[in-house]
Every structure is written in structure tokens, then in C-alpha cells.
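The block underneath contains the structure these notes are about, expressed in C-alpha cells.
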Amino acid sequence: MSTAISIGTTGLTASSKQMDVIGNNLANSNTLGFKASATYFASMLNQSLSSGGSIQVGSGVSVASVGTLFQQGAFETTGNATDLAIDGEGFFIVQDLEGGVYYTRAGNLHISKEGYLVDNNNYKVLGYGRTRVGEKIDEISPISLKNVQSIPQATTLFSMGVNLNDSSESGEKFTVSQTVYDSKGAQHNLSTIFQKTENPGTWGFTIKLDSDEGDTDKYCGVIFDADGNLYKIYQSDMTDPETNSKTPDDRKVTIDSVNYGQIYPQGNSGTTTSNIVLTYNTGNWSATAVGIYKNMSLAFQGNKLSLDLDGKGGADIILDVTGTWKDNDTISFDLSSTVCDLQDLVVTFPELSNGATIGDDNAITWKLKTDEINKLTGYSSASVVQTLNADGYPAGVLKSLSFDKDGTITGFFTNGQTSNLGSILLANFPNPGGLKKVGNYFAETIESGTAIKNYAGTGGLGEIISNTLELSNVDTAKEFISMIQAQRAYQACARVITTANDMLTELMNIKR
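Numbering follows the working numbering, with no gaps: position 41 of the sequence shown is 397.
Next up, the structure:
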């Protein structure tokens, strides 16, 4: 009888422990990422009452183990980008305040005031981070988003598609403005000012970078064919003359032009330190070529030699002349024109007042549209901007985050740019059942084996789902069934004890 009482006691103990597990499961039925436990029983050592083993009596029951059930929990959509769930196997890797490493399925994360990606206990999430300039950090470490910013990028290319009204009057202007950025992220206004010339289908234009940034004007010209399509772009440069000088004495001079084609000068105001070669040739300017300029006059003003371009869309070229008049000398200039690339016109600017630069070496490529849609045209309709684009952007601060299924963290900045800010890593184990539960975390043990870390979606690891949380995998209905079973087992074992006690009582009553 005493054996029966002992056996019943083991049943009470085992059922009590099972109820503890069931109670813990039900208590954590709403805990994010919680994994339910299951109680496993084992029969205790049997007593052999005969040498052959044909008569054996058990010694009761014991709890063999309490295992963790790693089945996938249900998903709940939250709309919070830093709420993450693992679809499949694996654990998030976190580091506590003392540097200890733990593993969890709970992905309710946020950015701490120190700039780290952390969970609700301020445990730092581990992975591969990035430096401020976007370089990958090859060592697994806490992911820091502190002082993350988008570095400014100077404008190097801008393009436009514009129609210039062929019916415009001579001298009429049409201005196209575009925002560009320098190397320090400062904003500037780049203006392209088109001006109709006297010649049909011909416009001159000036490019200005801010109205107060000194000498930034650039000059060129465009010609449209009879159908209103862009035909040619012309620009002319005045090269440094030879270093020898002569002094002319005749008041009437002519200019020997190397090229009597369409001429459109380009240049900046200012003076050159070089001397110019002056040669004598009788006669007057007699260029008859039809182009942007049909005639030109030359005038002396004090000690200045200027080219008056008859009010066309180009720039005055002013040259210093010293000395006295001398007979039989002429002044000659090489004003040969060049055709610009229709696709890319490089515009060079001087250094800005804040010490920053525009583009590469203070040069921006001005791309004119030549495709069939949104190109530079000269139709007899209103002047209008069809397309306007430019690269470059100012500095930006982090505005929001997104997480890809492989754990890549993408940052969205206030300047419209995006950047890879790092990657969250996942871990798995040869024997996850050997992990030690530490609250809502798991710790590595000898039984679990060493953690295997990798990117999500690789090496058998699950994928990361953003804006989603994994709920507890506790099956409430199943737990209530287990609770009823444990209760009945407990009652039965208690009845064994009371019955055995009654039997002992009856035995004691025999003496009476």
C-alpha cells in the first residue's frame, strides 16, 4: 500500500508541473514571438517481483523534459516599418547592455535615442552596418543609424525640352530656370535666357548661374530648319593672340576672317594679359555669308578695341590696345565658328563665392533633347518648357526606413535620396530544442550547438517581413484540453492516494 501512495504522489507532482507549463503558455498567449512549451512524461524505474521479470510494478511517473514548440506563430500587420517578423526558421540576434548575446523571434523594434536599432528592452540588434559614407562594416556589430545623412551631390548634368516660338519678334526673350546644387549642397538658380535674333529661325541664348555670382554668363546660338527642328548650335571662342605687338596708324581697318560661315561669339567680360598681333590690310569688312551675323563693325574707343556685334545675342569682346597709330598695318582676328554637339554642351563656371564648385571642375553638361518627344524645337506656337531635369541634390537627413526580405535596411532622406544603411542578420542552430529560455529570449547552450549566422532567406533561414509581427504560437484550445487532462490525472492520482490510505485504514481496523 505504501508503494501505491508513493506512486500517486509522483503523479501529483508530474501533473502539477504540467499545469505550471500550461499556465505559463496561457499567460503568454499574447506575448510577441513567444514559443509554447510542452511537458513530456516518463515512467519511473520498475520493481521486479520475480527473477524472470514476469512480475514488475512501476514506481510512478516523472517529467522527462519540457520542450519548446518552434512552430510558426500567426502574423499581425502593424503598419510600422520597424516591426519585423521572420517567415520561416531563424532568430534575430540581439545584445544586452552588458554585451551578452541572445536570440529572439520578437521583432518589435525601434530606433533608440542613441541611434541604435533596438527591441523593447533596449537590446541592440546585430548585423552588418554602414559607415557615414556608405561603406560596409564587415564585422557583426550593433546596427547604428546615428548621424546618418545623405551627402550632397553637385549638379553635373541638366537637360531641357523647350519649344521656342518662331513667330517671336526680334529681341524677344524666353527664360528657362532650373534649380542646381553646388558641392556643398547650396541651391542655385541656373537660367537659360533665349533671345530671338533678326534672322529667321535663329535664337541666341545666355546661361547664367545666379544673378549675383560674378561673371558667369555663357553665350551661344541655335538655328532651326524650315520645319522648326533644331539644326545647329554655334559657339565661337576668341583665342589668345601671339605675344608680339604692332601699333597701327590707319583709322580704317579690315578684319580678315578665316571663316565666313555663321559666326556666334562666346566669351566672358574681362581682359587678357596677352598682346595681340595687328596686321594691315586696306578695305572694309565685307562678309556676305548669311548666318547669325550678317555684318560687323570695328570701332576704337580710347585705348579699347571692341567688336560691336550689332545687338545680336552674343557678347562684346573688349581688348586693350596700347601704342600709337602706324601706317600700313592692319588688325586681323580669327573668328572661326565651331558647331556644338547637339547632345552635350559643356558650360564652365568660375568658383562660387562660398568656395564650393558646380559639377565636375565647375562644369555642367547641358543636354539638349533631340528625340522625337520633348526636344528643343522652333515651331510657330507658344514658347513653353516641355521637360526640365537636373541631377544633384542638397544634403538630407534620415526621414524613414524600410526593410527588405533579406534584411537590407534602406534609408529614405529628406532630399529624396535613398541609401543602403546595413543589413539585419539571422541565426539558427543545429538543435534549436537545446536552447535555454531566458524570458522571451533564447541563449546558446552546448546542447543547441553554435549559432549559424547569415542573411535572411539564405542557408535555410526564413525571410524578413516588414510592418508585421509574429504572435505567440500558443494554441489556447489545445492548452485547455491539456489542462483538463492534467486535472483528471491529478484527481486520479489523488484518488489513488486516498484509496490506498483507506485500504491501510481497513488493515489497521482488523487488529480491533
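C-beta: ideal position from N, C-alpha, C; glycine also.
Nothing here was measured: the structure is a model prediction, and the numbers come from that model.
Here the segment 761 to 773 does not lie against the segment 447 to 459, with fewer than 3 beta-carbon pairs under 8 angstroms apart. Around the CB of Arg461, 16 or more other CB atoms lie within 10 Å, so the residue is classed as buried. Ala398 counts as exposed, since fewer than 16 other beta carbons sit within 10 angstroms of its beta carbon. One Cα belongs to Gly805, the other to Ala812, and the distance between them is close to 20 angstroms.
For Ala441, the three-state secondary structure derived from DSSP is strand.
Boundaries around Ala370 are those of the alpha helix (DSSP H), 358 to 383, since no beta strand (DSSP E) includes it. When the Cα atoms are used, Gly767 and Ser372 turn out to be separated by approximately 52 angstroms. Around the C-beta of Ser421, fewer than 16 other C-beta atoms lie within 10 Å, and the residue is accordingly described as exposed. From the listed residues Ile866, Leu368, Lys793, Gly435, the smallest Cα separation to Ile821 is found for Gly435. Residue nearest to Glu819 within the set Gly527, Asn784, Asn464, Ile442 is Ile442 (criterion: CA-CA distance).
For Leu482, the enclosing beta strand (DSSP E) stretches over residues 480 to 485. A straight line joining the alpha-carbon of Asn865 with that of Asn857 spans about 12 angstroms. The C-beta of Asp494 has fewer than 16 other C-beta atoms within 10 Å across all chains shown, which makes the residue exposed. Taking C-beta atoms under 8 angstroms as the contact rule, Phe759 and Leu513 fail to qualify, at a distance of about 32 angstroms. Here Tyr472 is not near Ser506, since their CB atoms are 8 angstroms or more apart.
Beta-carbon to beta-carbon, Gly483 and Leu781 are separated by about 4 angstroms, close enough to satisfy the 8 angstroms threshold.
C-alpha of Gly789 to C-alpha of Val852: approximately 35 angstroms in a straight line. When only Cα atoms are considered, Ile808 and Ser385 end up about 29 angstroms apart.
When the alpha-carbon of Ser756 is set against those of Asp747, Ser775, Gly748, Asn745, the nearest one is in Ser775. Leaving aside the five residues that flank Phe798 on each side, the residues in its chain whose CB is nearer than 6 angstroms to its CB run, in chain order, Tyr459, Leu791. For the segment 494 to 582, the continuous beta strand (DSSP E) assignments of 3+ residues that do not extend past its boundaries occur at 513 to 519, 529 to 537, 543 to 552, 558 to 565, 574 to 580, in sequence order. For the pair Ser828 and Thr387, the CB atoms are nearer than the 8 angstroms cut-off. In the structure shown, Thr854 falls within a helical segment according to DSSP collapsed to helix, strand and coil. In this structure, Gln509 sits near Gly748, with a CB-CB distance shorter than 8 angstroms. Residue pairing by DSSP places Asn787 in no beta bridge whatsoever. Ranked by Cα distance from Glu445, the options Gly389, Leu382, Val504, Gly364 are led by Gly389. Residue state for Leu825 is assigned as strand, using DSSP reduced to three classes.
Its chain contains Ser393, Ala394, Thr395, Val422 as the residues whose beta carbon lies nearer than 8 angstroms to that of Val377, once the 5 sequence neighbours on both sides are disregarded; these appear in chain order.
In the structure shown, Leu782 falls within a strand segment according to DSSP collapsed to helix, strand and coil. At the C-beta level, Pro750 and Gly541 come within 8 angstroms of one another.
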